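In UniProt numbering, the protein residues as written are 176 to 425. Beta carbons: idealized from backbone N, C-alpha and C, even for Gly. Being a predicted model, the structure only gives us computed values, none of them experimental.
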Amino acid sequence: AGERREIEEIVREGRITPFFQPIFALADGTVYGYEALSRIAGPTLIGSPDELFDKAIASGHAPALEMLCRTRALHGASRLAVPGRLFLNVCPALLTSSDHRQGKTSRLLDELGIDRSRVTFELTERTMIDDYELFNRVLAYYRSQGYSIAIDDLGAGYAGLKMLAQLEPDYVKLARFLVDDIHLSAKRQALVESLVGFCRRLGITVIAEGIERPEELAWLAELGVPLAQGYLLGRPAAAPLAPAYVAPEI
Ligand code: G
Ligand code: G
Ligand code: MN
Ligand code: NA
176 AGERREIEEI VREGRITPFF QPIFALADGT VYGYEALSRI AGPTLIGSPD ELFDKAIASG
236 HAPALEMLCR TRALHGASRL AVPGRLFLNV CPALLTSSDH RQGKTSRLLD ELGIDRSRVT
296 FELTERTMID DYELFNRVLA YYRSQGYSIA IDDLGAGYAG LKMLAQLEPD YVKLARFLVD
356 DIHLSAKRQA LVESLVGFCR RLGITVIAEG IERPEELAWL AELGVPLAQG YLLGRPAAAP
416 LAPAYVAPEI
């Protein structure tokens, strides 16, 4: 009950700070874009953004919370040191009622002078299990509005392959377990190599996330993963921020 009140307060008082984590092009070390990651501003009993969104969904505050996070992220993005593509997480539970918020999002982008073609929505694979028809409709809708789509955490859910078979996103973000210790696992190397080949054939751009070790980065580059994100390259931080990763001379 205390947490429910806290979510109400967070939404009412706008207590969300947008963090940004850089995504790098491995070929030349340039910043390709940023993923916006919302953080609760000030002291809180809520342990993580995941918990925040789960509780907000349960208590009916999710639409307001998501719009707050998005507004904060877009304002923050307009102050980023290096411009680039902007990756925004979308709460899958809110997909069906997204028209209204899309309208608001588009107006805000216009106000801030950010082109829609620079914005990618990340749809997590973890909870999108069955309704491909809905997913495809949402995807087509976002595209018709000028946005692009990423499938987030591919492999972490129940339907990774089915998703690849049914959908054509612009980006696929590999689930962290595929990257974790990839230098030690011939299986993970083979999986990532196959996914990279599959995506290349279909014109889908692969992003690896959760890179924490130089050995992982080396393998991903070797396997032809074009874009990467992780603590090794740059941690999520409040805007504006400077890039951390410098590509090795080849
Ligand atoms: O940054 P961190 O690993 O704590 O994020 C945890 C989860 O919260 C991630 O799955 C991320 O996608 C999600 N998340 C972070 N910010 C937002 C947001 O603004 N909107 C939505 N829907 N999810 C977010
Ligand atoms: O579910 P999603 O992929 O949107 O979640 C991204 C989350 O991953 C964010 O909460 C971010 O803080 C976290 N993250 C980003 N880079 C790394 C990393 O290198 N290692 C780990 N463990 N988490 C990371
Ligand atoms: Mn994400
Ligand atoms: Na996610």
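{"query": "S213 Cβ short of 6 angstroms to ligand 1 heavy atom set", "result": "yes"}
{"query": "Span of the alpha helix (DSSP H), counted from its first residue to its last, around L227", "result": "224-234"}
{"query": "Residue environment, E390, which counts as buried when at least 16 other CB atoms sit within 10 Å", "result": "exposed"}
{"query": "Other residues of its chain near V265: CB distance less than 7 angstroms, five sequence neighbours each side excluded", "result": "F296, E297, L298"}
{"query": "P344 beta carbon near ligand 1 (any heavy atom closer than 6 angstroms)", "result": "no"}
{"query": "Opposing strand residues paired with N264 [DSSP bridges]", "result": "E297"}
{"query": "E210 in three-state terms, based on DSSP", "result": "strand"}
{"query": "Alpha-carbon spacing of G204 relative to Q196, whole angstroms", "result": "15 angstroms"}
{"query": "Whole runs of the alpha helix (DSSP H) within the stretch 320-355, excluding any shorter than 4 residues", "result": "335-341, 351-354"}
{"query": "Any non-hydrogen atom of ligand 1 within 6 angstroms of D229 CB", "result": "no"}
{"query": "DSSP-derived helix/strand/coil call for I191", "result": "strand"}
{"query": "Close-in-space but distant-in-sequence residues of the same chain around E300 (CB under 8 angstroms, 5 per side omitted)", "result": "I326, D327, D328, L329, G330, A331, G332, A334, G335, M338, A350"}
{"query": "Bridge partner(s) assigned by DSSP for V381", "result": "V347"}
{"query": "Host alpha helix (DSSP H) of P238 (start-end)", "result": "237-252"}
{"query": "Three-state secondary structure (DSSP) of A197", "result": "In the sequence under discussion, the amino acid at residue 197 is Pro, which differs from the Ala named in the question. Of the three classes helix, strand and coil, the one that applies to P197 here is strand, per DSSP."}
{"query": "Rounded straight-line distance, which links the Cα of A231 to that of I425", "result": "Residue confidence for I425 is low, a pLDDT of 49 falling below 50, so the modelled location carries little weight; the figure read from the coordinates is stated next. Cα-Cα distance, rounded: 47 angstroms."}
{"query": "Quiz: which residues have CB nearer than 5 angstroms to ligand 3 non-hydrogen atoms", "result": "N264, E297, D327"}
{"query": "beta-carbon E387 near ligand 2 non-hydrogen atom, thresh 6 angstroms", "result": "yes"}
{"query": "N-terminal and C-terminal residue of the alpha helix (DSSP H) that L392 is part of", "result": "389-397"}
{"query": "Same chain only: Cβ atoms within 7 angstroms of G399, ignoring 5 sequence neighbours per side", "result": "V371"}
{"query": "Three-state secondary structure (DSSP) of A216", "result": "coil"}
{"query": "Outcome for G321 when other beta-carbon atoms lying within 10 angstroms are tallied against a minimum of 16", "result": "exposed"}
{"query": "C-alpha gap between L392 and I386, whole angstroms", "result": "7 angstroms"}
{"query": "Reduced DSSP secondary structure (H/G/I, E/B, other) of A202", "result": "coil"}
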